[in-house]
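Okay, so the first sequence: first residue is 0 according to numbering that gives the first Met the number 0, each after it adds one.
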Amino acid sequence: MRIATWNVNSLRSRIDRVEAFLDRHDIDVLAVQETKAREDQLPLMGLQARGYEIAAAGVDQWNGVAIISRVGIEDVAVGFPGMPGWGEPLAAEARAVGATCGGVRLWSLYIPNGRKPDDPHYVYKLDWMDRLRDAAQAWLGEQTALVGDWNVCPTDEDVFAPEQFKNSTHVTPAERAAFQRFLDDGYADVVRPYCPGPGVYTYWDYYRQRFERNRGLRIDFVLGSPSFADRVTGAFIDRDERDPAQGTGSPSDHAPVVVDLD
DNA sequence: ATGGTAGGGTTCCTA
0 MRIATWNVNS LRSRIDRVEA FLDRHDIDVL AVQETKARED QLPLMGLQAR
50 GYEIAAAGVD QWNGVAIISR VGIEDVAVGF PGMPGWGEPL AAEARAVGAT
100 CGGVRLWSLY IPNGRKPDDP HYVYKLDWMD RLRDAAQAWL GEQTALVGDW
150 NVCPTDEDVF APEQFKNSTH VTPAERAAFQ RFLDDGYADV VRPYCPGPGV
200 YTYWDYYRQR FERNRGLRID FVLGSPSFAD RVTGAFIDRD ERDPAQGTGS
250 PSDHAPVVVD LD
C-alpha cells in the first residue's frame, strides 16, 4: 500500500496536478491539507472516476483537510476527542480528519500556523498540539499515521537559514518540544531514514525563487506508531510537484511526501 | 525592518 500527504493550497485550483500525481505514483491513500473548499465545492468527478472516495472536514475554512482513498474509508472522524472546539458545529476549523483506510488509521492534519510568537494563534498552536498528543497516546497500539503539515521545523537542519528564523514561529523551543513529545511517546518520523538531510525540504515559499534556490523548510511529516513504522519499506519527497516548470498549472508551495508499506 | 507570490475567505487576509 502506498500513502501520501500533501498540502495542496486549494484542491480546486490544484485538481489537475492532484489527479496526475495519483496516477503517476499509483497512490492508494492521499491526505491533503489546505483544501480551501466547502464540502459542496470539492472537485470529485475525476477522483471518483479513478475509484477514489473522499472524506473531508466539512466546514468553510481555508485550513480544511481531507483523505482521498481507493482502499476504503471507514470510521471517519472530524477532529479528535479533546481537540479545541471538538464537538462544536465548526469542529475547530476542521484541521483534522481521521479515517481507517486499508487497515491503517490515518489522520490528515493541519497544525495551526501560529502566525507570530506573540500572537494568540501561537498559544493556540501549542495547546492544539498538546491536545493532539493526549489523544494520540491512546492510538499507539494501533497502526496509526499522523500525517500532514505540522508547521514545525524540528531541527535547524530543517530550515534553509536558521539565523533568519530566530524570532519566527516553526523553530521556537516550545514548538520543537511539542513535536518532540510525539517522538518520545513512540511515534516515528518514518520518512527521514529514506530522505536524509541537510537540504531536504517539503516546503518552499512562493516568492524570491525559494524553490529554484532550494531555500525551504521541512514541515510535512508522517509520524507512525510502532506497528505502522514496522511496515514502512520506503519513502520519498516528490520535488517535481513543486517545480513550476513541470506539470499542469501552478504548483502548491508544498511537495507531496510518499510512504510505501508492505 | 521590509518585501516578495498565490489563493480565496477577495479590493484585504492568511499562508
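Every residue gets a Cβ at the ideal spot worked out from N, C-alpha and C, and that includes glycine.
Original post:
Which class does Leu89 belong to by DSSP, given the choice of helix, strand or coil?
Top reply: Low confidence applies here, because Leu89 scores a pLDDT of 49, under 50, leaving its location unreliable and the question unanswered by this model.
Original post:
Could you give the C-beta distance for Asp27 and Gly101, rounded to a whole number, given that I count them as a contact under 8 Å?
Top reply: 7 Å
**OP:** With a 10 Å radius around its C-beta and 16 neighbouring C-beta atoms as the bar for buried, classify Ser249 as buried or exposed.
**Re:** exposed
Subject >> Selected residue, minimal CA-CA separation from Ala54, among Arg209, Gln40, Glu156, Gly97 >> reply: Ranking Arg209, Gln40, Glu156, Gly97 by Cα distance to Ala54 puts Gly97 first.
**OP:** Name the one or two DSSP bridge partners that Arg1 has.
**Re:** For Arg1, which the question treats as bridged, DSSP gives the partners Asp259.
Subject >> Closest residue to Tyr121 among Ser167, Pro80, Gln163 (Cα-Cα distance) >> reply: Ser167
Subject >> Separation of Ala30 from Leu10, as counted between CA atoms >> reply: 11 Å
Subject >> Contact check, Phe220 vs Val190, beta carbons under 8 Å >> reply: yes
Subject >> First and last residue of the uninterrupted beta strand (DSSP E) at His167 >> reply: A quick correction: the sequence has Ser, not His, at residue 167. Run containing Ser167: none; DSSP gives neither H nor E here.
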